[in-house]
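In the numbering used here, the protein residues as written are 1402 to 1677.
Glycine residues also receive a C-beta, built at the ideal position from the N, C-alpha and C atoms.
Structure first, then comments.
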């Protein structure tokens, strides 16, 4: 099984890297480096280095996973797919190739950024891989869910819709009793100015309802879900991890594992429709 996965990983990695898409990704990596780490800028601080390079790794891995998933869904790969004992091997190879290529693009920017860049202490160097790897893995799994290779029916709409709702609730976590009512009051004022009175009255009613409805439980739940990301950013800015913050990358990996189990279940049971 491992040998088959490695062969497929090499095939997907090579086919994308030596394609026009791979060239565009290399160009984007260089453009990203030139914008955020220009050689004439001077030495950035280590916190910005970790965050900015990590953000590029997440974005590059997401784009690469979408591209690899699209290539994996071509009809030319059908003979390979039907000969595999399990479709999960195919999906694992897609994720591995996305992670490898994402790491290459991230390492390119990280290496170029060290030109007149920050001096990395050994303790900070050891803290970087768990952060970047966990976030890249989560980005790759989310990209696979967004692709036609795995998506079945409304699965991606439901998944990303739930993520969007959780993000809104997380934004209200600081002051849940007034955050929603303030937003709907602002929306009601906008409708009032453009003379849409029915929508304005509706927004006022919703604002009054949210002010009287206890939404603290939902916002606290969303805050718990997004705690690992806050913990990692706070640890990077503080320069060290507390014992609880050190668990944040592992929790993000757990999120990725859960989403991968969902993706593998969808992929194993769906009727494949190839690009052609």
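Cutting at 6 Å between CB atoms, please list the residues of its own chain near residue i, excluding the five before and the five after it.
i	result
residue 1649	1629, 1632 and 1633
residue 1408	none
Measure the C-alpha to C-alpha separation of residue i and residue j and round it to an integer number of angstroms.
i	j	result
residue 1590	residue 1509	49 Å
residue 1547	residue 1535	19 Å
residue 1431	residue 1440	12 Å
residue 1420	residue 1459	21 Å
residue 1637	residue 1516	21 Å
residue 1604	residue 1557	29 Å
residue 1600	residue 1496	46 Å
residue 1550	residue 1595	44 Å
residue 1490	residue 1606	52 Å
residue 1533	residue 1521	16 Å
residue 1571	residue 1484	45 Å
residue 1505	residue 1481	26 Å
residue 1620	residue 1560	18 Å
residue 1476	residue 1448	45 Å
residue 1479	residue 1406	16 Å
residue 1555	residue 1653	24 Å
residue 1403	residue 1457	29 Å
residue 1563	residue 1451	29 Å
residue 1531	residue 1651	8 Å
residue 1663	residue 1442	44 Å
residue 1639	residue 1415	39 Å
residue 1569	residue 1436	30 Å
residue 1526	residue 1588	47 Å
Quick one: what's got a C-beta closer than 7 Å to residue i's C-beta in the same chain, skipping five residues either side?
i	result
residue 1528	1642
residue 1486	none
residue 1413	1469, 1472, 1473, 1494, 1495 and 1498
residue 1446	1519
residue 1593	1601
residue 1661	1542
residue 1429	none
Could you round the C-beta distance between residue i and residue j to whole angstroms and report it? I think they count as a contact, below 8 Å.
i	j	result
residue 1410	residue 1494	5 Å
residue 1433	residue 1539	At roughly 20 Å, the Cβ-Cβ gap does not stay under 8 Å, so residue 1433 and residue 1539 are not in contact.
residue 1461	residue 1426	7 Å
residue 1665	residue 1492	6 Å
residue 1544	residue 1463	5 Å
residue 1507	residue 1453	About 11 Å separates the two Cβ atoms, so there is no contact after all.
residue 1667	residue 1553	5 Å
residue 1512	residue 1541	Not a contact, Cβ separation roughly 21 Å.
residue 1537	residue 1500	6 Å
residue 1488	residue 1669	5 Å
residue 1524	residue 1438	Rounded, the Cβ-Cβ distance is 22 Å, inconsistent with contact.
Excluding the 5 residues flanking residue i on each side, which residues of the same chain have their C-beta closer than 8 Å to its C-beta?
i	result
residue 1645	1632
residue 1567	1623, 1626 and 1627
residue 1422	1468
residue 1635	1646
(request) Pick out the complete alpha helix (DSSP H) segments inside the stretch 1522–1582, 4 residues or longer, and give them in chain order. (result) 1523–1547 and 1556–1572
(request) Could I get the ranges of all uninterrupted alpha helix (DSSP H) runs contained in the stretch 1621–1666, with 4 residues as the minimum, in chain order? (result) 1628–1639, all fully within the stretch 1621–1666.
(request) Entirely within the stretch 1456–1534 and at least 4 residues each: give me those alpha helix (DSSP H) ranges in chain order. (result) 1479–1484 and 1488–1514
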